[in-house]
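Read the structure below first, then the notes.
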Amino acid sequence: MRSLLIRIFASFWSIILITIVVAVAIGYSYAERTRISMQNFEVGDAVLEASAALRENGREGLTGWLRSLPDATASLLYIVDEQGQDLLGRRLPTVIKMSVRRFGDRGPRPMRLRQDRPNLRPARPFTQLIGPDDRVYTIFVMPLRSVGKRWLDERGTAGLVMLALLVSAAVSYFLARTISRPIGRLRESANAIADGRLDTRVAEGVGKRRDEIGQLAMDFDRMADELQRAWLKQSELTRNVSHELRSPLARLRVALELVRRKTGDLPELDKIDAETMRLDELIGRILEFSRLDADPHEAKTPIDLDDLVRSVVDDVCYEYGDLGGNSSIEIHADAACSVNGYPNALRSCVENVLRNAMRHSRGDAKVQVHLGTEARQAVIAVEDQGGGVAEDELERIFEPFYRSKTTRADQSRRSGGLGLAIASRATALHGGSIRAVNKGNGLRVEIRLP
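Note that our numbering has the sequence shown beginning at 21, numbered continuously upward.
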């Protein structure tokens with residue numbers, strides 16, 4: 021059993037069931053001992069004692085004798101008068117009631133026999149005593165084999181056992197749920213933190229408990245606080261370092277222009293200028309990723325995805341046209357759709373995916389952009405003709421600074437390794453998802469937004 025709830029429930033219920041079985045066994049053992057003691061009881065001796073008590077003291081004497089018997093013996097004997105009432109006022113068992121109705125002194129024939137033949141009594145299946153006042157008292161002895169049955173039937177033990185099973189199952193489930201539910205909350209929170217939601221806490225619901233699970237929840241939140249604090253410090257350090265790098269980088273570009281004026285255009289200077297621009301772009305992406313990872317710092321607004329995608333496509337085409345690229349972008353909008361989100365973050369997401377597709381497209385291949393809806397979600401899919409990515413790298417390409425084997429081998433396609441990571445973070449910020457699949461001779465990156 022892999023479920024903790026089932027294991028705890030089974031453990032508690034097993035213990036309770038064992039307790040019930042032991043209790044039933046003890047009760048049965050007690051009933052058996054009572055039955056054995058009754059077997060040792062001689063009815064003949066009891067009848068003689070009852071007869072003597074009735075002869076000497078009448079009805080009162082017989083009642084007193086019956087009351088003086090031990091409980092086990094008294095529960096075995098019933099002495100019923102002519103009116104069908106037990107001398108001790110006890111409720112008669114059903115079997116005795118039926119016997120009284122069947123063999124009682126009713127009807128003209130028994131009365132006529134008593135009047136005509138005082139010394140004659142009809143045959144009866146039960147012992148009877150005749151008092152000094154000529155009243156008849158019938159002695160009923162409960163069958164020995166019915167003691168255990170009476171204990172089960174009259175006490176309703178079978179029903180009690182069923183009730184005990186139901187109650188024990190409910191109690192066991194409650195106890196198991198009490199333990200497993202907060203553990204489930206801890207698991208959900210751990211998964212949320214693993215997904216990047218470092219502000220997740222569990223003490224609000226679980227931490228109020230006074231037991232070890234409550235302490236575990238508080239320790240978990242303390243760990244989450246430290247993780248969030250460390251992550252914020254790291255993000256702040258990254259932003260500060262990036263800002264500090266931009267100042268000397270700007271001075272380097274100014275110095276480069278001054279040198280170019282004095283020496284003219286040299287291939288070495290062009291190379292330095294290209295690397296400087298690449299470094300400036302990388303720093304910009306690092307800052308962008310840090311902003312998305314910390315806080316978007318903007319309010320959510322309705323966004324027309326068709327307008328946003330077309331605007332981004334125009335910018336990317338213009339940029340790559342200036343760089344001498346031959347690839348182009350085709351847009352296929354199946355239906356107009358809009359989402360509620362962060363405009364800058366969403367624009368950055370689409371732009372980085374498009375840049376990645378343009379960078380890896382070969383020759384004059386076209387990049388396809390599909391916009392539509394599916395399962396009540398907006399879907400933006402970008403397809404290139406860049407040869408695709410190895411299957412074991414499809415998830416890792418969204419990690420910061422990760423470069424696929426193809427990118428590492430082709431120097432012309434090298435990038436900072438943050439474009440798809442920024443797109444992934446922006447998508448998660450909107451509660452959506454992003455994935456990559458190989459399709460044909462290229463890669464398809466699919467963005468889904470709620």
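Note that CB positions come from ideal geometry on N, CA and C, so glycine has one too. Quantities reported herein were computed from a predicted structural model and do not represent experimental measurements.
- Uninterrupted beta strand (DSSP E) stretches at least 3 residues long and entirely within the region 224-255 do not occur.
- With a beta-carbon spacing of about 11 Å, D101 and L108 fall beyond the 8 Å limit used to define contacts.
- Counted as a single uninterrupted DSSP element, the beta strand (DSSP E) harbouring A456 occupies residues 453-459.
- Taking C-alpha positions only, R416 is separated from S444 by approximately 11 Å.
- Judged by pairs of C-beta atoms under 8 Å, the region 299-309 does not touch the region 349-363, as fewer than three such pairs exist.
- Closest in alpha carbon position to R242, among T220, T147, R259, is T220.
- D239 counts as exposed, since fewer than 16 other beta carbons sit within 10 angstroms of its beta carbon.
- As DSSP reads the structure, F160 sits in a beta bridge with Y98.
- Taking 8 Å as the cut-off, the beta carbon of K386 is found no closer than this to the beta carbon of G361.
- Put simply, of D335, A270, F418, D354 the residue whose alpha carbon is nearest the alpha carbon of M378 is D335.
- Its chain contains L25, I28, F29, F32 as the residues whose beta carbon lies nearer than 7 Å to that of A196, once the 5 sequence neighbours on both sides are disregarded; these appear in chain order.
- For V409, there is no enclosing beta strand (DSSP E), as DSSP gives it neither H nor E.
- Under DSSP, the beta-bridge partners assigned to I349 are V387.
- For R379, the enclosing alpha helix (DSSP H) begins and ends at 363-380.
- In the DSSP assignment, T447 falls outside any beta strand (DSSP E) and within the unbroken alpha helix (DSSP H) covering 439-449.
- In this structure, F418 lies away from I467, with their beta-carbon atoms at least 8 Å apart.
- In the structure shown, the three-state DSSP call for D65 is helix.
- Secondary structure of T393 (DSSP, three-state): strand.
- For S358, the beta-bridge partners assigned by DSSP are D324.
- For a cut-off of 8 Å, the C-beta gap from D326 to L391 is around 6 Å, short enough to register as a contact.
- N376 counts as buried, since at least 16 other C-beta atoms from the protein chains shown sit within 10 angstroms of its C-beta.
- Assignment of E208 by DSSP, reduced to helix, strand and coil, places it in the helix class.
- Bounds of the beta strand (DSSP E) holding L469 are 462-469.
- Burial check for P202: the Cβ neighbour count within 10 Å reaches 16 or more, so the residue is buried.
- Membership of Q148 in the beta strand (DSSP E) is indicated by the continuous run 147-150.
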